[in-house]
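J.: A single structure is presented below for examination.
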Amino acid sequence: MQSLRENQSEHENGLVPWIVPDVLQINRASPGWGDAVVLIPWNIYNITGDKRVLEENFEAAKKWIGFYKSKIEDKEFIPKMRSFGDWLQPYPTKTGKGGNSGDTSKELITTAYFAHSSLLVSKMAGILGHSKDEKEYYDLHKNISGVFRNTFFDKNGKVKNGKETQTSYLLAIYFDLLKPETKIKAQKHLLKEIEKANNHLGTGFLGTPILPKVLDEMGEIDLMYKILFKETYPSWFYSINQGATTMWERWNSYSKAEGIMPKV
Numbered sequence: 000m001q002s003l004r005e006n007q008s009e010h011e012n013g014l015v016p017w018i019v020p021d022v023l024q025i026n027r028a029s030p031g032w033g034d035a036v037v038l039i040p041w042n043i044y045n046i047t048g049d050k051r052v053l054e055e056n057f058e059a060a061k062k063w064i065g066f067y068k069s070k071i072e073d074k075e076f077i078p079k080m081r082s083f084g085d086w087l088q089p090y091p092t093k094t095g096k097g098g099n100s101g102d103t104s105k106e107l108i109t110t111a112y113f114a115h116s117s118l119l120v121s122k123m124a125g126i127l128g129h130s131k132d133e134k135e136y137y138d139l140h141k142n143i144s145g146v147f148r149n150t151f152f153d154k155n156g157k158v159k160n161g162k163e164t165q166t167s168y169l170l171a172i173y174f175d176l177l178k179p180e181t182k183i184k185a186q187k188h189l190l191k192e193i194e195k196a197n198n199h200l201g202t203g204f205l206g207t208p209i210l211p212k213v214l215d216e217m218g219e220i221d222l223m224y225k226i227l228f229k230e231t232y233p234s235w236f237y238s239i240n241q242g243a244t245t246m247w248e249r250w251n252s253y254s255k256a257e258g259i260m261p262k263v
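Read in numbering that gives the first Met the number 0, the sequence shown has 162 at position 163, and its numbers run on one by one without any break.
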């Protein structure tokens, strides 16, 4: 976190670079990646109960929210910024280099993380006794959440203004950005997306970590076990059966039959 804060301090606008330490001096940020400045301290605090990690990173977290705000242009509360998207989602619609970002709307991803991190900064402020910041960032979260709901989901909990993906539903559900009745409907759409994939995951870097958490919350732990123990691509056991001993970057990094980057 110290390296992250040091790299961020090189940018007046609060940018958190893709890589830390930023030895390549790329000077670019992406939602979901830069949010590490908020998510890591928050997760450590929740595990340890040690407020020092919040104290050390609170100002950096606020600056990151400021970076989001600086990227708002014509659409209120929807920052316009570069994004890796749901990186390396399997079976993307686009082929070639453009397919690496997956099919989930980048605007949806950006707005979801903007809302979620704003809420966490508000919670940090409350824990640290900064009541003014607590209210400011909570109000910001509420405003972003309202725009998120109106822009990306219809009254039936279905994605609009973008492609339906597992990750689009996972982010909305896990970050609790929908009204309760709409959230229930969105959960049903998520299950349909998983069914379409024959009970395989269809997630990249952003959707995969929250998939088991959401299904557990929904009472669908048996479904999660089905996904976990799938042996055909894309799955964890596909990688294991191809000789993987660590987590690959891609779901299809290698196969015994075709070697590196097989077509599956």
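The beta-carbon is built from N, C-alpha and C at its ideal position, and this holds for glycine as well.
Note that this is a predicted model, so its numbers are computed, not measured.
1) Compare the beta carbon distance of Phe204 and Trp17 with 8 Å and say whether it is the shorter of the two.
2) Are the segment 168-177 and the segment 130-138 touching by the rule of at least three beta carbon pairs closer than 8 Å?
3) Quick check on Tyr224: buried or exposed, where buried means 16 or more other Cβ atoms within 10 Å of its Cβ?
4) May I ask you to report which of helix, strand or coil DSSP gives Ser8?
5) Can you give me the C-alpha to C-alpha distance between Gly13 and Lys255, rounded to a whole angstrom?
6) For Thr231, which residues from the same chain have a beta carbon less than 8 Å from its beta carbon, with the 5 sequence-adjacent residues on both sides left out?
7) Under the three-state reduction of DSSP, which class applies to Ile108: helix, strand or coil?
8) Measure from the alpha carbon of Ile220 to the alpha carbon of each residue in Thr245, Leu190, Ile43, Val36, then state which is nearest.
9) Less than 8 Å between the CB atoms is what I'm expecting for Ser104 and Asn160, so what's the real figure, rounded?
10) Out of curiosity, what's the CA-to-CA distance linking Asn6 and Asn42?
11) Between Thr166 and Ile209, what straight-line distance do the alpha-carbon atoms span, to the nearest angstrom?
12) Once DSSP output is grouped into helix, strand and coil, what is the label at Pro233?
13) Is it right to say Phe228 is buried, meaning 16 or more other beta carbons lie within 10 angstroms of its own, or is it exposed?
14) Compute the beta-carbon to beta-carbon distance between Val146 and Ile77, rounded to the nearest angstrom, for a pair I have assumed lies under 8 Å.
15) So, with DSSP's three-state summary, where would you put Phe228?
16) Would you decide whether Ser8 is buried or exposed? Buried here means 16 or more other CB atoms lie within 10 Å of its CB.
17) Can you name the start and end residues of the alpha helix (DSSP H) that Pro40 belongs to?
T.: Taking the definition as stated:
1) Taking the C-beta atoms as reference points, Trp17 is found no nearer than 8 Å to Phe204.
2) no
3) Under this definition Tyr224 is an exposed residue.
4) In the three-state scheme derived from DSSP, where H, G and I count as helix and E and B as strand, Ser8 is classed as coil.
5) 45 Å
6) His199, Tyr237
7) helix
8) Leu190
9) 7 Å
10) 21 Å
11) 9 Å
12) Assigned with DSSP and collapsed to three states, Pro233 falls in coil, not helix or strand.
13) exposed
14) 6 Å
15) coil
16) exposed
17) For Pro40, the enclosing alpha helix (DSSP H) covers residues 35-47.
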